[in-house]
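Asker: For reference, the structure I am asking about is given below.
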Amino acid sequence: MAAAFGLASVLLAVQGVAASLFSLPRTYPNITACASEPITYSCENTATIQNTCCSPTPGGLVLQTQFWDTYTGLEKKGQLLPKDSWTIHGLWPDNCDGSFEQYCDLSRQYDRKPSPSVLPDGTTVPAYTGPGVDTFVGEFGRLDLLTYMDKYWVSQGSPNADFWGHEFAKHATCTSTFDVSCYGPGYKKNQDVVDFFDAVVRAFKMYPTFDVLAASGILPSNKTTYPLSLLQTALKAQTGAVPYLGCGQNGTVLQEVWYFSHVSGTEQFGHYKSVDSTTKSTCSATAGIHYYERTPASEREVRVLP
């Protein structure tokens, strides 16, 4: 099963660092100068951020986004969903007004199927044809990170690593705190990619959607439906703000949640302060919302060692 998830593809890269497993290379940026920067939350600063490595700029409205999928389409290849958990979608840097940029650095374009393939200014985003981003993580010996991502950052209809490459290229390249320049002269190729994946996992752990809903008596069901207001209230009670809830099938089937935050410090290490969604929910405010169960064949228990 590990091979199906792409772990086998990075084992050779990991062998290169196997002799020094207790001194794996670090991936954080050089933010020494940030200690002298004014402490403020993104989108709440009254002065221009002078060092954009210290705060996500201009995309200071940070979204931690999650999916509730009921299948992957790749079950026969061992790509399964985590039992009793939502899955990671990404970590997005929206501008403070709710607008956003995408594919901001084509020299770090690792998306095999860019969407959109042409930017609003007419720039074509070339499809990536190189090795998967899972190999980048493997080169740093981070099997711990890969294992977690394979469990919780699961794609529907495409290999997981392709999805991860899409999220980095489309969103991380527009987040100033992951700019290559922030890593200084000691930058090692692709450490910004690994750093972003670490940050995505950290942010995801802040918002355990399944557990929060379950603790309020809201569980996946093929029979029961839930009013939108109940879902929103349950999540707001634990995060302090109303997230975006996305629904399909005329607004009746729950599929997504986006948690909006302002950040004090970098996106990697800073404090996230929940704020209300700037995007109106696509879930019906009047009809019952289905939060469907998954079939056992589409999920696996992940709260055990691999």
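Using mature numbering (1 follows the signal peptide of the UniProt record, and there is no 0), the letters of the sequence shown map in sequence onto residues -19 to -1, 1 to 287.
Just so you know, even glycine gets a beta-carbon here, dropped at the ideal spot from N, CA and C.
Computed from a predicted model, the values in this text were never measured in an experiment.
With a Cβ-Cβ cutoff of 9 angstroms, do E238 and Q47 count as a contact?
Answerer: Numbered from its first residue, the sequence shown carries residue 238 at position 257. Numbered from its first residue, the sequence shown carries residue 47 at position 66. Before going on, a small fix: residue 238 reads as Val here, not Glu. Taking 9 angstroms as the Cβ cut-off, V238 and Q47 qualify as a contacting pair.
Asker: Which same chain residues, not among the five before or five after A268, have their C-beta less than 6 angstroms away from its C-beta?
Answerer: On the sequence shown, position 287 is the one that residue 268 refers to. Excluding positions up to five away in sequence, the list reads T233.
Asker: Run through DSSP, which three-state label would Q172 get?
Answerer: As a working note, residue 172 is residue 191 in the sequence shown. Helix.
Asker: In the DSSP assignment, find the beta strand (DSSP E) that holds G111 and state where it starts and stops.
Answerer: The sequence position of residue 111 within the sequence shown is 130, counting from 1. Premise fails: G111 is in no beta strand (DSSP E) and is neither H nor E.
Asker: What are the boundary residues of the alpha helix (DSSP H) that V43 is part of?
Answerer: In the sequence shown, counting from the first residue as 1, residue 43 sits at position 62. Note, V43: premise wrong, no alpha helix (DSSP H); beta strand (DSSP E) at L42 to F48.
Asker: Whose C-alpha, out of M187, D50 and L61, is nearest the C-alpha of A278?
Answerer: As a first step, residue 278 is located in the sequence shown; it is residue number 297 there, counting from the start. Answer by Cα proximity: L61.
Asker: Considering only the beta carbon of each residue, do Y84 and K169 sit closer than 9 angstroms?
Answerer: What you label residue 84 is simply residue 103 of the sequence shown in a count that begins at 1. What you label residue 169 is simply residue 188 of the sequence shown in a count that begins at 1. Going by C-beta atoms, Y84 is not nearer than 9 angstroms to K169.
Asker: So L72 packs on V223, CB below 8 angstroms; how close in whole Å?
Answerer: Reading the sequence shown from its first residue, position 91 is the one you call residue 72. Reading the sequence shown from its first residue, position 242 is the one you call residue 223. That belief does not hold up - the Cβ atoms of L72 and V223 are roughly 19 angstroms apart, past 8 angstroms.
Asker: In whole angstroms, give me the CA-to-CA distance for G113 and F149.
Answerer: For this step, residue 113 is matched to residue 132 along the sequence shown. For this step, residue 149 is matched to residue 168 along the sequence shown. Their Cα atoms are separated by approximately 12 angstroms.
Asker: Rounded to the nearest angstrom, what separates S157 and G221 at their Cα positions?
Answerer: Here residue 157 corresponds to residue number 176 of the sequence shown, with the count starting at 1. Here residue 221 corresponds to residue number 240 of the sequence shown, with the count starting at 1. Roughly 26 angstroms between the two C-alpha positions.
Asker: In three-state terms, what does DSSP make of S245?
Answerer: Position 264 of the sequence shown, counted from the first residue, corresponds to residue 245. In this structure, S245 counts as strand in the three-state DSSP scheme.
Asker: Express the C-alpha separation of F177 and T128 in angstroms, rounding to a whole number.
Answerer: As a working note, residue 128 is residue 147 in the sequence shown. As a working note, residue 177 is residue 196 in the sequence shown. Distance between the alpha carbons of T128 and F177 is about 16 angstroms.
Asker: With a threshold of 16 other CB atoms inside 10 Å of the CB of V118, please say whether the residue is buried or exposed.
Answerer: Reading the sequence shown from its first residue, position 137 is the one you call residue 118. Burial call: buried.
Asker: If Y133 sits next to P63, beta carbons under 8 angstroms apart, how far is it from one beta carbon to the other, in whole angstroms?
Answerer: As a working note, residue 133 is residue 152 in the sequence shown. As a working note, residue 63 is residue 82 in the sequence shown. Right, their Cβ atoms sit about 5 angstroms apart.
Asker: Kindly list the residues whose CB is nearer than 6 angstroms to the CB of A(-1), restricted to its own chain and excluding five residues on each side of it in sequence; keep chain order.
Answerer: For this step, residue -1 is matched to residue 19 along the sequence shown. Residue confidence for A(-1) is low, a pLDDT of 45 falling below 50, so the modelled location carries little weight; the figure read from the coordinates is stated next. Closer than 6 angstroms at Cβ, skipping near neighbours: no residue.
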